[in-house]
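K.L.:
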Amino acid sequence: QVQLVESGGGLVKPGGSLRLSCAASGFTFSDFYMSWIRQAPGKGLEWVSYISSSGSTIFYANSVRGRFTISRDNAKNSLYLQMNSLRVDDTAVYYCVREGREGGAFDIWGQGTMVTVSS
Amino acid sequence: QSVLTQPPSASGTPGQRVTFSCSGSSSNIGSNAVNWYQQLPGTAPKLLIYNNNQRPSGVPDRFSGSKSGTSASLAISGLQSEDEVDYYCAAWDDSLSGMVFGGGTKLTVL
Chain A
-8 QVQLVESGGG
2 LVKPGGSLRL
12 SCAASGFTFS
22 DFYMSWIRQA
32 PGKGLEWVSY
42 ISSSGSTIFY
52 ANSVRGRFTI
62 SRDNAKNSLY
72 LQMNSLRVDD
82 TAVYYCVREG
92 REGGAFDIWG
102 QGTMVTVSS
Chain B
763 QSVLTQPPSA
773 SGTPGQRVTF
783 SCSGSSSNIG
793 SNAVNWYQQL
803 PGTAPKLLIY
813 NNNQRPSGVP
823 DRFSGSKSGT
833 SASLAISGLQ
843 SEDEVDYYCA
853 AWDDSLSGMV
863 FGGGTKLTVL
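Quick note, the sequences are listed as chains A and B, same order. Take -8 as the starting number for the first sequence in the working numbering and just add one per residue. Take 763 as the starting number for the second sequence in the working numbering and just add one per residue.
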């Protein structure tokens, strides 16, 4: 079935780095735009970054621009998020999501992976 | 502070019709489609309404969406206890070149 599975979350100190991965299955990954969306504990949803199907177009939220890098490997059906210079306020569940509908709607979500930035 | 504005809470009784608002600006709702998501506690959000008023397969027709100018609304008719979860609106923002979300509305079924 259509599925997104994130991995790579964990505990990291402020200023540290972490790389999240997302494995896609059940659909033609290379046909879809993908995003990362995060949710801090007890807070709302925050869009982090977006990458087009070919990887040629990328956008970042102002809060992560210059620190995070999104990428994809269509041959491996995988999406990545390299997170550098992590801050305490980056602590959140990070979701890998597929943009699969008109209007930029996110129709498939992974289960999320928790990133905790703490000293 | 979220770019899109949603009331933090709403309530209704079983069987009632409730409406949630989502307010934005000309750079987001005013020029792009609005999508709505439903989130049960401890789970990933689920797409509820896309492209302002379209329902994915499997979403009951009790849920409906609309948009006018720089505001959008989500309506739930025939309110059920299982609807007592969080709802988020979202739209692309041309000025920010990014997707923006509302802060979410927590629905209580009395």
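Beta carbons are placed, not taken as given, at the ideal position from N, Cα and C, and that holds for glycine. Since the structure is predicted, the reported quantities are computational estimates derived from the model, not experimental observations.
Residue range of the beta strand (DSSP E) that D64(A) falls in?
P.N.:
Counting along the chain, D64(A) sits inside the beta strand (DSSP E) bounded by residues F59 to D64.
K.L.:
Hey, is R92(A)'s beta-carbon within less than 9 Å of any beta-carbon in chain B?
P.N.:
Residue-level contact check: R92(A) touches chain B, since one or more beta carbons of chain B fall below 9 Å from its beta carbon.
K.L.:
Is it the case that the stretch 85 to 98 of chain A contacts the stretch 801 to 814 of chain B, given that we only count it when at least three CB pairs across the two stretches are under 8 Å?
P.N.:
Touching, per the Cβ criterion.
K.L.:
Any contact between the stretch 16 to 26 of chain A and the stretch 37 to 51 of chain A? By contact I mean 3 or more CB pairs, one from each, below 8 Å.
P.N.:
yes
K.L.:
Would you mind reading off the limits of the beta strand (DSSP E) that contains L72(A)?
P.N.:
S69 to M74
K.L.:
Compare the beta carbon distance of A130(A) and A31(A) with 9 Å and say whether it is the shorter of the two.
P.N.:
Beyond the ends of chain A as shown, which are -8 and 110, falls residue 130(A); an answer cannot be given.
K.L.:
Please classify E(-3)(A): is it buried, with 16 or more other beta-carbons within 10 angstroms of its beta-carbon, or exposed?
P.N.:
It is buried - the Cβ of E(-3)(A) has at least 16 other Cβ atoms within 10 Å.
K.L.:
What three-state label does DSSP hand F825(B) in the structure shown?
P.N.:
DSSP places F825(B) in strand when its eight states are reduced to three.
K.L.:
Considering only the beta carbon of each residue, do A853(B) and F782(B) sit closer than 9 Å?
P.N.:
no
K.L.:
Looking at the ligand NAD, does it come within less than 8 Å of K868(B), judged from the CB to the closest heavy atom?
P.N.:
Looking at this structure, you won't find the ligand NAD or any other ligand, since it has none at all.
K.L.:
For F863(B), go through chain A and note every residue whose CB falls closer than 9 Å to its CB, in chain order.
P.N.:
Result: I28, G35, L36, E37 and W38.
K.L.:
State yes or no: is the beta carbon of G98(A) nearer than 9 Å to at least one beta carbon in chain B?
P.N.:
Checking the displayed sequence, the identity of residue 98(A) turns out to be Asp instead of Gly. Yes, because at least one Cβ of chain B sits closer than 9 Å to the Cβ of D98(A).
K.L.:
Against chain B, which members of the stretch 44 to 60 of chain A pass a CB distance test of less than 9 Å?
P.N.:
F50, Y51, A52 and N53
K.L.:
Would DSSP call E846(B) helix, strand or coil?
P.N.:
coil
K.L.:
Whole-angstrom Cβ separation of S835(B) and S843(B), contact assumed at under 8 Å?
P.N.:
Not quite, the Cβ-Cβ distance comes to about 22 Å (not below 8 Å), so this is no contact.
K.L.:
What residues in its chain sit with their C-beta under 6 Å from that of Q73(A), if we drop five residues either side in the sequence?
P.N.:
R10 and T60
K.L.:
At a CB-CB cut-off below 7 Å, which residues of chain D make contact with Q(-8)(A)?
P.N.:
The question asks about chain D, but that chain is absent: this structure's protein chains are A and B.
K.L.:
How would you label A806(B), buried or exposed, when you count the other beta carbons within 10 angstroms and need 16 or more for buried?
P.N.:
buried
K.L.:
Once DSSP output is grouped into helix, strand and coil, what is the label at S859(B)?
P.N.:
coil
K.L.:
Helix, strand or coil for V106(A), going by three-state DSSP, please let me know.
P.N.:
strand
K.L.:
What does A806(B) touch in chain A if you count any residue whose Cβ is under 8 Å from its own?
P.N.:
Residues of chain A with a Cβ closer than 8 Å to the Cβ of A806(B) are, in chain order, Y86, W100, G101, Q102 and G103.
K.L.:
In the stretch 811 to 843 of chain B, which residues sit with their C-beta less than 8 Å from some C-beta in chain A, listed in chain order?
P.N.:
Y812, N813, N814, Q816 and P818
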